[in-house]
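For reference, the structure is listed below as structure tokens.
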Amino acid sequence: MPDDLSIHARALTRVYKAKPEPVTALGGVDLDVEPGEYFGLLGPNGAGKTTLIKILTTLLLPTSGTARVAGFDVVTETAKIRRVINMVAGGEQSGYGLLTVREQLWMFSQFYGLPQRDGWRKVDGLIEVTGLQEQRDQKVRTLSTGQRQKLNFARGLLNDPWVLFLDEPTLGLDVAAARDLREHTLAWKAGAPGRTLLLTTHYMVEAEQLCDRIAIVDRGRILALGTPGQLRRRVQAESIFRIELDHLPENGGLDAIAGLPGVVSAVRTDDESSEGAGADRVALKVALADDSALTSVVTAVAERGSHLVGLAKSEPSLEDVFVELVGRGFGASDEDGGSRS
Amino acid sequence: MSEVGIARTPREAADWSRGRVVRANLRAVAGRAYPRIIGLTREPSWLFFEILLPFLAVSAFVFVYRALGAPEEFVGFVVLGGAMTAFWLNVVWMMAAQFYWEKDQGNLELYFTAPMHLMSILAGMAIGGLVMTSSRALAVIVIGSLVYGVSYQIAEPLLLAGVFLLTMIPLYGLGMLFASLFLLWGREAFHLAQLLQEPIYFLGGVNFPIRHLGAVSALVVATLPLAVGLDAMRQLVFPGQASEGVLPVATEMLILAVMGVIFLVGARLALRYLETLARREGRLTLRWQ
């Protein structure tokens, strides 16, 4: 029953007015998320993840289709939805810099209608849980990016949400701060059974670590959905090799490799923007139908003037699933935020 | 009983009684008023910018009036006008332009997704701003009165307090209305705020009795809460021929009450329109759009 699900969407579309023609950010999404489930939307920039979150958090109306959160309709029952959800976005600068951490959380607790005593108790508890004790009386504007995002995360838990939306929560954080935040999220999962998390991210590790199930989205559509293990098994039949070269092959470059017999896909995985700025090698991820195809790849690379610097076989990751599904890596995503319609 | 943590299902958690809705909105008002009030102790620079600078503006008019031999009540008019200017500045910069800036900070999205009514946020801004600005206005009056020897003849202090509060309702109601309109119209709230600031100084009669505007004055008084309130307060504080008002105090109070209703209802309607448009267009609440 849709009412028993935490999130239920059918044929959900969202088209933005734009010139010269409208942009389809969501192109007919069907999605069911069970209570207590940690669900990830994994996709590059412009895949439609944030648009979906904005519809589910009642910030945006769908162009067509239906969606329910905690059993309530996102178009007609917004007030009820807002009582049981919360949202935290990456890079969020919400609140007021002149307030202390404790005051800021208390202020937001009032927006969720918490009585004074409950509000302060909740605030102090969350400050402890998120490890902000030392900063509790520090002004918000003096916090580091990582501390700020911990504060945002604590804000997102003030009303004990039944459905928590995390939109790229570790965006811009350093490795340690991102790890901390993921640990806090897992701790919340352990301490709040029955609560649901919808996470959008383009970090594979984050999705694998936090989510029970993952939907891979691109250009407004869900391309694949399952547990991380199920998704990985989609490409398990293939052999994935990481190949490092001194420079890209000439005469057709990457496309020539991808077009060889037995090669399923070939994508560049290093930062292309660093080329010519001191980078001495390029990294490729090549999926092969069979290990035997590796010989032809190595030969083709050599024939095109490149030298092999490194070679390693790797286990398939969610990125491999993504590459197989859309034929390109995350770094090669569209910039326009959707497909023209 | 506590209102937190007792629900066993999302349906129970979303089922709020009418009383709980009212209490939640009142708490939201207090929550949003808090940063404004606490700002008094956190930002001491206001002593310079919001007391000394307005006092200098008041002083310029005092010297002009004294040089021209104007009735001494005019000095009091200017001091009172200078104090009321603080409220107008607060309305323009901290109410009307506020949603625009909240959008840039990312707060507006959170306000929209929280379970309180946006009118509670606006009311919190207004109450916080009123408290904060009252202290500044009082400081201008005290300093101005001491430096320029202004004497007041307040026969009916309660009536004066009533007129003041009645002035604040439409004044801040106008700010609440502008908050939505600035967001709908504004490419830059800064320019819109500047556009409103100086004309109101003039048409509001901040530095001179509004009746000297002649036939236009009646029209002005009927549309600007600052002008109506100031005219009524001057009549109550400086009784005499020089402070003769455009209309009797009772009539001006009635005008203020009607304005209050109109602006608050207007603010409510504008907010509803804003939210509908924001959800339909998908850009008003988003940063950098």
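From first to last, the protein sequence lines are chains E and P. Numbering of the first sequence is given in the working numbering, commencing with residue 2 and proceeding in unit increments. Numbering of the second sequence is given in the working numbering, commencing with residue 35 and proceeding in unit increments. We treat Cβ as the ideally placed atom computed from N, Cα and C, and that holds for glycine. The structure displayed is predicted, hence computed values, not measured ones.
1) Can you name the start and end residues of the alpha helix (DSSP H) that E104(E) belongs to?
2) Whose Cβ in chain P lies nearer than 9 angstroms to the Cβ of A71(E)?
3) Please work out which residues of its chain come closer than 8 angstroms, Cβ to Cβ, to L200(P), disregarding the five sequence neighbours upstream and downstream, and give them in chain order.
4) Short of 8 angstroms Cβ to Cβ, which residues in the region 67-94 of chain P face chain E?
5) Which first and last residues belong to the alpha helix (DSSP H) in which N153(E) is found?
6) Compare the C-beta of T167(P) with all C-beta atoms of chain E and state if any pair is closer than 8 angstroms.
7) Looking only at its chain, what residues have a beta carbon closer than 7 angstroms to the beta carbon of T51(E), apart from the 5 residues adjacent to it on each side?
8) Can you tell me whether I223(E) is helix, strand or coil according to DSSP?
9) Tell me whether I296(P), by its Cβ, gets closer than 7 angstroms to a heavy atom of the ligand PLP.
10) Are V112(P) and V96(P) touching if we call contact CB-CB under 8 angstroms?
11) What residues in the region 216-237 of chain E bring their beta carbon closer than 7 angstroms to a beta carbon of chain P?
12) Just the Cα atoms here: how many angstroms apart are L81(P) and Q269(P)?
13) Thinking just about the alpha-carbon of each residue, which of V265(E), H185(E), D4(E) is nearest to the one in D74(E)?
14) Considering only the beta carbon of each residue, do R269(E) and A284(E) sit closer than 8 angstroms?
15) If you draw a straight line from the alpha carbon of T25(E) to that of R314(P), how long is it in whole angstroms?
16) Below 8 angstroms on the Cβ atoms is my guess for R84(E) versus T59(E); work out the distance and round it to an integer in Å.
17) What did DSSP end up calling V16(E) once you bin it into helix, strand or coil?
18) Using a Cβ-Cβ cut-off of less than 8 angstroms, give me the residues of the region 81-108 of chain E that come near chain P, in sequence order.
19) For Y68(P), count neighbouring C-beta atoms within 10 Å of its own C-beta (all shown protein chains included) and say buried if the count is 16 or more, exposed if not.
20) Taking beta-carbon pairs under 7 angstroms, can you tell me which members of the region 147-179 of chain P lie near chain E?
21) Per the DSSP calculation, N87(E) is bridged to which residue(s)?
22) Suppose you measure from the CA of L142(P) to the CA of E136(P); what does that come to, to the nearest Å?
23) Just the Cα atoms here: how many angstroms apart are L86(P) and G115(P)?
24) Could one say the Cβ of T300(E) lies closer than 8 angstroms to chain P's Cβ atoms, at least one of them?
25) Quick one: Cα of R245(P) to Cα of F236(P), how far?
26) Output the boundary residues of the alpha helix (DSSP H) element that contains G158(P).
27) Under 8 angstroms by Cβ, that's how I've got A208(E) and G41(E) pegged, so tell me the actual separation to the nearest angstrom.
Short version:
1) Here residue 104(E) refers to the residue found at position 103 when the first sequence is read from its first residue. Taken as a continuous stretch (DSSP letters only), the alpha helix (DSSP H) holding E104(E) covers 102-112.
2) Sequence index remark: in the first sequence, residue 71(E) carries index 70 (1-based). Think of a sphere of 9 angstroms around the beta carbon of A71(E): the chain P residues whose beta carbon falls inside it are T43, P44, R45, A47, A48, in chain order.
3) In the second sequence, residue 200(P) corresponds to position 166, counting from 1. Apart from the 5 residues on each side of it in sequence, L200(P) sits with its Cβ closer than 8 angstroms to the Cβ of G263, M287, L290, A291, G294 in its chain, given in chain order.
4) Only those residues of the region 67-94 of chain P whose C-beta falls short of 8 angstroms from the nearest C-beta of chain E are listed: Y68, P69, I72, G73, R76, E77.
5) Counted from its first residue, the first sequence places residue 153(E) at position 152. Looking at the DSSP string, the run of the alpha helix (DSSP H) that includes N153(E) is 146-157.
6) Translated into positions along the second sequence, residue 167(P) becomes position 133. No, T167(P) does not count as interfacial toward chain E.
7) Position 50 of the first sequence, counted from the first residue, corresponds to residue 51(E). Within the same chain, T51(E) has close Cβ partners D168, T201.
8) In the first sequence, counting from the first residue as 1, residue 223(E) sits at position 222. In the structure shown, I223(E) sits in a strand (DSSP, three-state: E or B).
9) Ligands in the displayed structure: none, and consequently the ligand PLP is not present.
10) Counted from its first residue, the second sequence places residue 112(P) at position 78. Counted from its first residue, the second sequence places residue 96(P) at position 62. Their beta carbons are under 8 angstroms apart, which means V112(P) touches V96(P) by this criterion.
11) none
12) Here residue 81(P) refers to the residue found at position 47 when the second sequence is read from its first residue. Here residue 269(P) refers to the residue found at position 235 when the second sequence is read from its first residue. Their Cα atoms are separated by approximately 29 angstroms.
13) The sequence position of residue 74(E) within the first sequence is 73, counting from 1. Among V265(E), H185(E), D4(E), the Cα nearest to that of D74(E) is on D4(E).
14) In the first sequence, counting from the first residue as 1, residue 269(E) sits at position 268. In the first sequence, counting from the first residue as 1, residue 284(E) sits at position 283. Cβ distance < 8 angstroms, so R269(E) and A284(E) count as in contact.
15) For the purposes of this step, residue 25(E) is taken as residue 24 along the first sequence, with counting starting at 1. For the purposes of this step, residue 314(P) is taken as residue 280 along the second sequence, with counting starting at 1. Going by the C-alpha atoms only, they are around 14 angstroms apart.
16) Indexing the first sequence from 1 puts residue 84(E) at position 83. Indexing the first sequence from 1 puts residue 59(E) at position 58. In fact, because the Cβ distance is near 11 angstroms, the residues do not count as touching under 8 angstroms.
17) Here the question's residue 16(E) lines up with position 15 in the first sequence. DSSP places V16(E) in strand when its eight states are reduced to three.
18) Cβ contacts with chain P come from K81, I82, R83, R84, V85, I86, N87, M88, A90, E93, Q94, S95, G96, Y97, L99, L100, E104, W107, M108.
19) The sequence position of residue 68(P) within the second sequence is 34, counting from 1. Per the 10 Å Cβ criterion, buried.
20) T147, A148, P149, M150
21) Position 86 of the first sequence, counting from 1, holds the residue named residue 87(E). According to DSSP, which records beta bridges pairwise, N87(E) is partnered with L165(E).
22) Position 108 of the second sequence, counted from the start, is the residue given in the question as residue 142(P). Position 102 of the second sequence, counted from the start, is the residue given in the question as residue 136(P). Roughly 5 angstroms separates the two Cα atoms.
23) On the second sequence, residue 86(P) is found 52 positions in, with the first residue counted as 1. On the second sequence, residue 115(P) is found 81 positions in, with the first residue counted as 1. In a straight line, the C-alpha of L86(P) is about 15 angstroms away from that of G115(P).
24) Position 299 of the first sequence, counted from the start, is the residue given in the question as residue 300(E). It does not; no Cβ of chain P falls within 8 angstroms.
25) Counting from one through the second sequence, the residue named residue 245(P) turns up at place 211. Counting from one through the second sequence, the residue named residue 236(P) turns up at place 202. Taking the straight line from one Cα to the other gives about 12 angstroms.
26) Numbered from 1 along the second sequence, position 124 holds the residue referred to as residue 158(P). Membership of G158(P) in the alpha helix (DSSP H) is indicated by the continuous run 152-182.
27) The residue labelled residue 208(E) in the question sits at position 207 within the first sequence. The residue labelled residue 41(E) in the question sits at position 40 within the first sequence. With a Cβ gap of about 4 angstroms, A208(E) and G41(E) count as contacting.
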